[in-house]
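Q:
Residue numbers (our numbering), protein chains in the order written: chain U, 22 to 125; chain X, -13 to 665.
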C-alpha cells in the first residue's frame, strides 16, 4: 500500500474538518471539525515518520493529542458556559465582539 | 528796563546761578525715612474702602479725604527737612529691602526722596486733597461715592509710587497703577442707570452714554498701553546694557560714557514714547479728550496732579540719559512743539467746556515736554510750569464742574453765557485760572510760561534756526492759548444768557467753592513765589543740576513784551467775537480748519485708518489662518485616524466562521507565496 494513500486520506480528513469549522453553526460540530483537522494532521505526521524512518513525527503526534485533550476540556467548558448564559450553541449568536456602530 | 524784566521773569534765565552737577543719594534720615507712609496712607484707605464695601458707605468719603490730607502732612514735614538741609543732602534713599532676587538678578525696592519727587508729592497730595474735598459735594448724590473715593485714593497712591520709586521698575509699577486707576475713573459712570448728581437713578441717560464712557476708558487704557510698550523696551535695553534699573546706576552709566550714542538715543526715544502715552502727547494724544467722560473731579485730578504729569516727570527724571543723547532730546522738543500747537488749535474749536480744557492741558503739557527737551536749561522750568499749571488747571476744571453743577450737567458752552452774575465765586476763581494760564503778570503762568518761551529762543548746539523755530512756535502757542482760553471764559461767563428756560444756574455749595478758592490763590501767587530769586531752580538743582544759561536770540525783554502784546491782542479778539457779538447756540458752518479742529484734527480718523482698520483685518486674517492652517492640521490628523479606524472596523463582523475563513485564506496565501518563492 502506497504512502500516498495515507497522505491523501489525511488531506481529505483535514478538508472535511475545515469545511465543518467554516460551514456549521453549532459550536459542538465546529469543535468536532477542529478535532478532525488535528487528527488529520496526526495521521500525516505518523505517515511521514514512517517514510523517513525516524520517530520525531510520532512523538509530535503524541504532543498534539495531549494538547487536543486539554483543548477539548477548555473548549467544551466554554461552550457549556455560553450555552448556559445565552441558551444557544450557535457560534453566530456569540458575536459580542462585533462592532455595533453603524458604519460611518 | 532790563532789570524790570529780569525781576519779573524771576531771574531764571539771567545766569545768576553757578553751574552745578546733580548730587548722589545718601541714606534717608529724619522725616524722609518715613516716606513709605506717603504711599501707604492712601493705599490702605483705598483697600479699606474697597474691601468693606457698602458697610463703609456712610463714612467712606471722610476716610477718603483724610488719607491724602495725612499724606500731605507727611510730605510737608519731609519738604521742610529737605529745605533746611544743605544741597548735597537733598537726595535721600529709603531702602525697602530686596524685591526680586533670582540668580544674577537682584532688584531692590526703594524710595527716592529728593527735591524733584517731593515737589511732585506736594503737588499730588495738596491738589489731590482739595479735589477730594470738592468730590464730597460733587458726588454727594452718587450711590457709588465710596467706590469713587476708593479709586481716587488708588490714583493718588499709584502716582506717589510713580514719583517716589527709586528705580524704573518701581516707577513702572506706579505707572501701571495710574493707568488702572484712570481706567476705573474715566469709566466710572459705565452703568446703565444714570447715577450722576441730580439724576437719581433715572434711566434716560442725557448727553453722556454709559457705553461711550466705557469705550472712552478703554481708549485711554489702550493708548496708554502703546506708551507702556516704550517703557518696557527702554527698561529692557537698560537692563541688558547696564544690568540695573535703579536711577543711581542708570545715571552713573549714562554719564559714564560707556554706552553708545545709538543706544542712549534708542532708550531716550522709548522713554519719550512712554511719556507721550501717559502725557497725551502727539501721536498718542487721542485719549485725553474722550477721557472727559469721567466725573469732573477725575478730569481735574488727571490733568493737574496725576497721570499727564507723569510723562514730564519721566523725562526730567531721566535727564542723565537725555543729556547724553542730544538727538533724542531734539525729538522731545519737536513732539512738545507739535503737541502744544495741536492742542491749542483743537482748543479753539471745541464747544464742550471740558474738552476745550482738555485740549488746553494737552497744549500746556506740550510746553513742559518742550522745556524738558531743551535739556539742562529747561528741566526746572518744565517742573515749575507743571506745578503752577497743576494749580490753575485744577482750579479751572473744578470751576467747570461747578458750572456743570449749576447748569444741569450741560457742558455745551454755546448754552452758557452770562454766568458771571449767577456764580460769583466760580467766576472769580475761574478768572484767576484764566489770567494765570494766559500769562498775565503777576500771575503764576507769567512766571512759569515766559521762561519756557525765552529758553526756547536760546541757541543750542550752535543751531540758530532751531532757536527761531521753537521760539516762534512757543510764542504762537501762547497767542492761541490766550485766544481759546478767553473764548472759553467769555462764552461761559460773559455775553448774553443763552440757556434754556428749565435751567436755573446757582452757586455751588461751600465744599466745592472752598477748594476752588484755595487753588485760585495758588494760581495767583505760586508762580511768583517759586520763580523769584531762582528759588525753584535752586531747589531742584541737586536733581537736575543747574547750568549757565545762554542768551536768547532776541533780548529777553523783547520776547516778554511781544508775548504779552500777542496774548492781550488774542484775548481782545476773543472778547470781540464771543462777548460783544452774539454767540449762536448751535455751531455755525465754518472753514475746513475749524471743522477739522472740531473733530480733534481728524486724529481718530487717522488712528482708525492707520491702526484700527489694518489691525482689524490683520486679526481677521489671523483668525482665518488659525482655523484653516493650525486647526486644519490638528483636525486633519484626527480625521485621518478616524478614517483608518473605520477601515479597520469593517472586518470585525463578530462571525467566528468568517474569522476562521480569513485565517484559512491567509494561510493558503502564505503557503502559495512560500512555494512560489522557493521554486
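Built from N, CA and C at the ideal position, the CB exists for glycine as well.
#1: Roughly how many angstroms separate the alpha carbons of residue 447(X) and residue 503(X), rounded to a whole number?
#2: Which of the three DSSP states is assigned to residue 551(X) in this structure?
#3: In whole angstroms, what separates the C-alpha of residue 626(X) from that of residue 611(X)?
#4: Which residue marks the beginning of the alpha helix (DSSP H) containing residue 670(X), and which one marks its end?
#5: Skipping 5 residues on each side, what residues in its chain have a beta carbon closer than 6 Å to that of residue 460(X)?
#6: When the cut-off is 7 Å and only beta carbons count, does residue 191(X) lie next to chain U?
#7: Please confirm whether residue 67(X) and residue 17(X) have their CB atoms less than 7 Å apart.
#8: Could you give the distance in angstroms between the alpha-carbon of residue 313(X) and the alpha-carbon of residue 34(X)?
#9: Can you give me the start and stop residues for the alpha helix (DSSP H) that residue 420(X) sits inside?
#10: Would you verify that the beta carbon of residue 272(X) is, or is not, closer than 7 Å to some beta carbon of chain U?
#11: Let me know the secondary structure DSSP gives residue 94(X) once reduced to three states.
#12: Is the CB of residue 646(X) under 7 Å away from at least one CB in chain U?
#13: By the DSSP assignment, the alpha helix (DSSP H) with residue 577(X) in it spans what residues?
#14: Taking 7 Å as the CB-CB limit, is residue 57(U) close to chain X?
#15: In angstroms, rounded to a whole number, what distance separates the CA positions of residue -13(X) and residue 100(X)?
#16: Please determine if the region 566 to 582 of chain X and the region 244 to 254 of chain X are in contact, where contact requires at least 3 C-beta pairs separated by less than 8 Å.
#17: Inspect the beta-carbon positions of residue 59(U) and residue 89(U) and report whether they are closer than 7 Å.
#18: In this structure, how does DSSP classify residue 12(X) when only helix, strand and coil are distinguished?
#19: Would residue 29(X) pass as a contact of residue 80(X) if the rule is Cβ separation under 7 Å?
#20: Find out if the Cβ-Cβ distance for the pair residue 330(X), residue 466(X) is shorter than 7 Å.
#21: Quick check: what's the CA-CA separation for residue 260(X) versus residue 601(X)?
#22: Using a C-beta cutoff of 7 Å, does residue 640(X) count as contacting chain U?
#23: Give a yes or no on whether 7 Å exceeds the smallest Cβ distance from residue 112(U) to chain X.
#24: Mind checking residue 603(X): buried by the 16 CB within 10 Å criterion, or exposed?
#25: Do we get a CB-CB distance below 7 Å when we pair residue 108(U) with the residues of chain X?
#26: On the three-state DSSP scale, how would you describe residue 26(U)?
#27: Taking contact to mean 3 or more Cβ pairs, one atom from each stretch, closer than 8 Å, check whether the region 218 to 238 of chain X and the region 301 to 310 of chain X are in contact.
#28: Note down, in chain order, every chain X residue with its Cβ under 8 Å from the Cβ of residue 118(U).
#29: Would you mind stating whether residue 140(X) and residue 148(X) have Cβ atoms separated by less than 7 Å?
#30: Only counting the same chain, and skipping five residues up and downstream in sequence, which positions put a Cβ closer than 6 Å to that of residue 413(X)?
#31: Quick one: which chain X residues come within Cβ less than 7 Å of residue 39(U)?
#32: I believe residue 533(X) touches residue 434(X) by the beta-carbon criterion, under 8 Å. Please report the beta-carbon distance rounded to the nearest angstrom.
#33: For a contact meaning CB atoms closer than 9 Å, what does residue 643(X) contact in chain U?
#34: Please go through the same chain and pick out, in chain order, the residues whose beta-carbon is closer than 6 Å to the beta-carbon of residue 115(U), but skip the five residues on each side of it.
#35: Starting from residue 88(X), trace the beta strand (DSSP E) both ways and give me its first and last residue.
A: In short, the structure shows the following:
#1: Position 461 of the second chain, counted from the first residue, corresponds to residue 447(X). Position 517 of the second chain, counted from the first residue, corresponds to residue 503(X). Going from the Cα of residue 447(X) to the Cα of residue 503(X) covers about 44 Å.
#2: For the purposes of this step, residue 551(X) is identified with residue 565 of the second chain, where counting begins at 1. It is helical.
#3: Taking the second chain and counting its residues from 1, the one referred to as residue 626(X) is at position 640. Taking the second chain and counting its residues from 1, the one referred to as residue 611(X) is at position 625. Using only the alpha carbons, I get a separation of about 21 Å.
#4: What is shown of chain X runs -13 to 665, which leaves residue 670(X) out entirely.
#5: Position 474 of the second chain, counted from the start, is the residue given in the question as residue 460(X). Only 439, 442 meet the Cβ criterion.
#6: As a first step, residue 191(X) is located in the second chain; it is residue number 205 there, counting from the start. Caution is warranted here: a pLDDT of 42 is assigned to residue 191(X), below 50, making its placement in the model unreliable, and no coordinate value can be reported.
#7: Translated into positions along the second chain, residue 67(X) becomes position 81. Translated into positions along the second chain, residue 17(X) becomes position 31. Yes, they are a contact pair.
#8: One-based indexing of the second chain puts residue 313(X) at position 327. One-based indexing of the second chain puts residue 34(X) at position 48. In a straight line, the C-alpha of residue 313(X) is about 47 Å away from that of residue 34(X).
#9: Counting from one through the second chain, the residue named residue 420(X) turns up at place 434. It spans 410 to 424 - the alpha helix (DSSP H) in which residue 420(X) sits, taken as one unbroken run.
#10: Sequence index remark: in the second chain, residue 272(X) carries index 286 (1-based). Not an interface residue.
#11: Taking the first residue of the second chain as position 1, residue 94(X) is located at position 108. Residue state, collapsed to three classes: strand.
#12: As a first step, residue 646(X) is located in the second chain; it is residue number 660 there, counting from the start. Yes, contact with chain U.
#13: As a working note, residue 577(X) is residue 591 in the second chain. Element bounds for residue 577(X): n/a, residue is neither H nor E.
#14: Residue numbering aside, residue 57(U) sits at position 36 when the first chain is read from its first letter. No - not a single Cβ of chain X is within 7 Å of the one on residue 57(U).
#15: Residue numbering aside, residue -13(X) sits at position 1 when the second chain is read from its first letter. Residue numbering aside, residue 100(X) sits at position 114 when the second chain is read from its first letter. Here the model assigns residue -13(X) a pLDDT of 35, short of 50, so the residue's position is not dependable and the matter cannot be decided.
#16: no
#17: In the first chain, residue 59(U) corresponds to position 38, counting from 1. In the first chain, residue 89(U) corresponds to position 68, counting from 1. It is a contact, given that the beta carbons lie within the stated cut-off.
#18: Position 26 of the second chain, counted from the start, is the residue given in the question as residue 12(X). Three-state DSSP puts residue 12(X) in a strand.
#19: Residue numbering aside, residue 29(X) sits at position 43 when the second chain is read from its first letter. Residue numbering aside, residue 80(X) sits at position 94 when the second chain is read from its first letter. Taking 7 Å as the Cβ cut-off, residue 29(X) and residue 80(X) do not qualify as a contacting pair.
#20: In the second chain, residue 330(X) corresponds to position 344, counting from 1. In the second chain, residue 466(X) corresponds to position 480, counting from 1. Their beta carbons are under 7 Å apart, which means residue 330(X) touches residue 466(X) by this criterion.
#21: As a first step, residue 260(X) is located in the second chain; it is residue number 274 there, counting from the start. As a first step, residue 601(X) is located in the second chain; it is residue number 615 there, counting from the start. Distance between the alpha carbons of residue 260(X) and residue 601(X): 21 Å.
#22: In the second chain, residue 640(X) corresponds to position 654, counting from 1. It does; some Cβ of chain U falls within 7 Å.
#23: Looking up residue 112(U) in the first chain gives position 91. Chain X contact via Cβ: present.
#24: Looking up residue 603(X) in the second chain gives position 617. By the neighbour-count rule (16 or more Cβ atoms within 10 Å), residue 603(X) is not buried but exposed.
#25: Counted from its first residue, the first chain places residue 108(U) at position 87. For residue 108(U), the answer is no, since every Cβ of chain X falls outside 7 Å of its Cβ.
#26: Numbered from its first residue, the first chain carries residue 26(U) at position 5. Reduced to three states, the DSSP call for residue 26(U) is helix.
#27: yes
#28: As a first step, residue 118(U) must be located in the first chain, where it is residue number 97. Here the neighbours are 638, 640.
#29: For the purposes of this step, residue 140(X) is taken as the residue at position 154 of the second chain. For the purposes of this step, residue 148(X) is taken as the residue at position 162 of the second chain. Contact: no.
#30: One-based indexing of the second chain puts residue 413(X) at position 427. So the list reads 406, 479, once near-sequence residues are dropped.
#31: Locating residue 39(U) in the first chain gives position 18, counting from the first residue. What residue 39(U) touches in chain X: 650.
#32: For this step, residue 533(X) is matched to residue 547 along the second chain. For this step, residue 434(X) is matched to residue 448 along the second chain. In fact, because the Cβ distance is near 18 Å, the residues do not count as touching under 8 Å.
#33: The residue you call residue 643(X) lines up with position 657 of the second chain. Within chain U, the residues near residue 643(X) are 42, 43, 44, 45, 46, 51, 112, 113.
#34: Position 94 of the first chain, counting from 1, holds the residue named residue 115(U). Cβ within range, chain order: 103.
#35: For the purposes of this step, residue 88(X) is taken as the residue at position 102 of the second chain. Counting along the chain, the beta strand (DSSP E) containing residue 88(X) begins and ends at 77 to 88.
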